[in-house]
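Number of protein chains: 2
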Amino acid sequence: MLATAFAPDGVDLPRPSIERRSRAGSTDTLADRFEVSSLRSLAPKEHLFCAGDPATHVYRVESGHLCIYRTMMDGRRQVVDFAYPGDVLGLGALGEHGTSAQASVRTVVRCLAVSTLVDSARRDPKLGMQLYETLSHELQAARELLFTVSQKTASERLASFLLALSRRNARRGEKPNEIVLPMTRSDIADFLGLTIETVSRTFTRLRTEKVIDIEQCILVTIRDPRRLEDIAESKGDINV
Amino acid sequence: MLATAFAPDGVDLPRPSIERRSRAGSTDTLADRFEVSSLRSLAPKEHLFCAGDPATHVYRVESGHLCIYRTMMDGRRQVVDFAYPGDVLGLGALGEHGTSAQASVRTVVRCLAVSTLVDSARRDPKLGMQLYETLSHELQAARELLFTVSQKTASERLASFLLALSRRNARRGEKPNEIVLPMTRSDIADFLGLTIETVSRTFTRLRTEKVIDIEQCILVTIRDPRRLEDIAESKGDINV
DNA sequence: CGCAATATTGAGTTGGTTCAAACTACGTGG
DNA sequence: CCACGTAGTTTGAACCAACTCAATATTGCG
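Residue numbers (the numbering used here), protein chains in the order written: chain A, 1 to 240; chain B, 1 to 240.
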């Protein structure tokens, strides 16, 4: 998931992403389970699951992009994560989903029954540890996002967000300075705890100051990575 | 941990708290491990661990209270959780701690070596699942806090906070309307993403409106629980 | 009692929001 | 292929909740 990219680089341990799995070799039992799982395709805007649904399956994104969020009755919404190919969804939902998952674009996922997973975990302790590690990363990501949203200014939040996407690109062997945004301004706003207007204005300011370029609203080019990092500040530092 | 109390009541599944363990009986293997672990005592303000420290142990609070937080170089701080007796600390730290844990008052914890825990988990799949479930609750709590901090007003945040403490009391068989605050205003502020002044003013407003009473800054009495819930709004609702 | 740490209250400022109006991208059907 | 319509984005101006700075009041410890 994206939010994981918010985590300090130092703790960027192996995760069950598609790339890493192929290198990890035989130890990756969660990936093995997914190999024999069924496929499901989602149209843009279609939901994979909703908050309150029984958590029957765990999913892995094969292609596309999803937005994971929570809402309040009055419409306030918090996006807690974005899911990219290789990311695992639906873990940590005990009994029923606490979040909803909506595809941003055409998306394909693999579906694994929770009952199967639990059975496997009972027989294979390695799998249990793997689930534990995956969740550990999600927890760290959630706390990093909490920190970002709670303590940083609008510019810092957006800069942190872009840098997280940039690092994700770097990790996947894609251009770190050319970022595609599959999600809407609204998704970004609800992720960072801002309004769409503030997101838009902040993008404009970064463009005016020649830190980034924007084309067609969805392609962001980082022109001055150094300065973007200065703006993001924090650096996920570790201190007392 | 406290933040767990932010989770919707519907998903308040069994957790390895002291009370629940004794009822759970023989299935609780994590508790068994702690029974043979060593004790450590902390003075007020003393740190159990700091961000960046190697994560050598996992802890369970026996008595007292701790504040779990992260900081930025410039001093901005985010409290991610409060730990009470029965709570387990230090899980989800892969390699090194990403947070610091500081005792608010005189505190005693049990210490369990991570290496021991990993060994046990390799032999006992139940333990792995238990760790997984514990982390699931922490993840849900972190997301609930994210939502609270990101989307709610100062009054809503403080009301949610007090209700979470109230529910915690109810769960432990203590008076739900008499809340002791072991942490400082500064801890509360950094937990809720506010300043101490705003926390103080909001407490005062709640007292003026006869929703709560405050004695000696640390004892809060809820006089109008219904109204406090109205103020907190949200109710950890579940919706698309 | 007296001091140092913590908490409260007051007044002025501001970053981000709200409300409202233009603009852009892009899919659809003529 | 272009005109049209709609959803999404950008920009502008006024506003306000929470912040900052500063002074006062508790609390509790030596």
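For every residue, glycine included, the Cβ atom is placed at its ideal position computed from N, Cα and C.
Counting along the chain, where does the beta strand (DSSP E) carrying residue i start and finish?
i, result
"His-137 of chain B", "Careful: His-137 of chain B lies outside any beta strand (DSSP E), inside the alpha helix (DSSP H) at 125-151."
"Val-109 of chain A", "107-113"
"Val-180 of chain B", "178-180"
"Arg-185 of chain B", "Here Arg-185 of chain B belongs to no beta strand (DSSP E); instead the alpha helix (DSSP H) covers 185-192."
"Ile-222 of chain B", "219-222"
"Arg-77 of chain B", "77-83"
What is the rounded straight-line gap between the Cα of residue i and the Cα of residue j?
i, j, result
"Arg-172 of chain B", "Val-149 of chain B", "26 Å"
"Glu-144 of chain B", "Phe-161 of chain B", "11 Å"
"Gln-78 of chain A", "Phe-147 of chain B", "6 Å"
"Thr-99 of chain A", "Cys-50 of chain A", "6 Å"
"Leu-91 of chain B", "Lys-210 of chain A", "43 Å"
"Ala-31 of chain B", "Leu-127 of chain B", "10 Å"
"Pro-225 of chain A", "Pro-176 of chain A", "10 Å"
"Ala-83 of chain B", "Glu-133 of chain A", "22 Å"
"Asp-230 of chain A", "Gly-95 of chain B", "28 Å"
"Thr-198 of chain A", "Leu-163 of chain B", "32 Å"
"Gly-64 of chain A", "Gln-140 of chain A", "24 Å"
"Pro-85 of chain B", "Met-1 of chain A", "33 Å"
"Val-80 of chain B", "Gln-216 of chain A", "38 Å"
"Glu-138 of chain A", "Ala-142 of chain B", "10 Å"
"Val-109 of chain A", "Glu-62 of chain A", "5 Å"
"Thr-221 of chain A", "Arg-40 of chain A", "33 Å"
"Met-129 of chain A", "Ser-136 of chain B", "13 Å"
"Asp-187 of chain B", "Ala-93 of chain A", "29 Å"
"Leu-158 of chain A", "Thr-107 of chain A", "25 Å"
Quick check on this structure: which residue in the options has the alpha carbon closest to the alpha carbon of residue i?
i, options, result
"Thr-184 of chain B", "B:Cys-67, B:Ser-63, B:Ala-164", "B:Cys-67"
"Leu-192 of chain A", "A:Glu-156, A:Ser-120, A:Pro-44, A:Leu-91", "A:Glu-156"
"Gln-151 of chain A", "A:Leu-194, A:Thr-202, A:Phe-34, A:Arg-167", "A:Leu-194"
"Thr-72 of chain B", "B:Ser-63, B:Thr-56, B:His-65, B:Gly-52", "Here residue 72 of chain B is Met; the residue named in the question, Thr, does not match the sequence. Nearest option by C-alpha distance: B:Gly-52."
"Ala-232 of chain B", "B:Ala-31, B:Pro-54, B:Ala-154, B:Val-36", "B:Ala-154"
"His-57 of chain A", "A:Val-118, A:Cys-217, A:Glu-133, A:Glu-197", "A:Val-118"
"Ala-103 of chain A", "A:Leu-94, A:Gly-95, A:Val-114, A:Leu-89", "A:Leu-89"
"Ile-218 of chain A", "A:Tyr-69, A:Leu-181, A:His-65", "A:Leu-181"
"Arg-223 of chain B", "B:Ile-179, B:Val-109, B:Met-1, B:Tyr-59", "B:Ile-179"
"Glu-46 of chain B", "B:Pro-125, B:Val-105, B:Ser-63", "B:Val-105"
"Ala-113 of chain A", "A:Phe-203, A:Thr-202, A:Val-36, A:His-137", "A:Val-36"
"Thr-116 of chain A", "A:Ser-186, A:Arg-207, A:Ser-38, A:Leu-135", "A:Ser-38"
"Arg-33 of chain B", "B:Leu-48, B:Pro-44, B:Arg-60, B:Asp-213", "B:Arg-60"
"Arg-76 of chain B", "B:Ile-196, B:Leu-158, B:Thr-202", "B:Ile-196"
"Asp-87 of chain B", "B:Asp-74, B:Leu-131, B:Pro-54, B:His-97", "B:Leu-131"
Kindly indicate if chain B contains any beta-carbon less than 7 Å away from that of residue i.
i, result
"Pro-125 of chain A", "yes"
"Phe-147 of chain A", "yes"
"Gln-216 of chain A", "no"
"Leu-135 of chain A", "yes"
"Ala-24 of chain A", "Bear in mind that the predicted position of Ala-24 of chain A carries a pLDDT of just 42, short of 50, making it unreliable; the figure below should be weighed with that in mind. It does not: the Cβ of Ala-24 of chain A has no partner Cβ on chain B nearer than 7 Å."
"Val-58 of chain A", "no"
"Arg-70 of chain A", "yes"
"Ser-115 of chain A", "no"
"Val-80 of chain A", "yes"
"Gly-90 of chain A", "no"
"Arg-122 of chain A", "yes"
Is the shortest distance between the beta-carbon of residue i and the beta-carbons of chain A less than 7 Å?
i, result
"Met-1 of chain B", "no"
"Arg-21 of chain B", "Its pLDDT being 42, under 50, Arg-21 of chain B is placed unreliably in this model, and the value from its coordinates should be taken loosely. Not an interface residue."
"Met-129 of chain B", "yes"
"Ala-164 of chain B", "no"
"Glu-138 of chain B", "yes"
"Ile-231 of chain B", "no"
"Leu-94 of chain B", "yes"
"Arg-226 of chain B", "no"
"Gly-75 of chain B", "no"
"Gly-173 of chain B", "no"
"Val-220 of chain B", "no"
"Ser-150 of chain B", "yes"
"Ala-142 of chain B", "yes"
"Gly-98 of chain B", "yes"
"Tyr-132 of chain B", "yes"
Can you tell me whether residue i sits near the ligand FMN, meaning its C-beta is under 6 Å from at least one heavy atom of the ligand?
i, result
"Val-109 of chain A", "Among the ligands in the structure shown, none appear at all, so the ligand FMN cannot be discussed."
For the alpha helix (DSSP H) that residue i lies in, which residues bound it at each end?
i, result
"Ser-37 of chain B", "Where Ser-37 of chain B is concerned, there is no enclosing alpha helix (DSSP H), given that its DSSP letter is neither H nor E."
"Leu-228 of chain B", "225-232"
"Val-199 of chain B", "196-208"
"Ala-159 of chain A", "154-171"
Inter-stretch contact at 8 Å, needing at least 3 Cβ pairs: the segment 162-170 of chain A / the segment 108-125 of chain A: no
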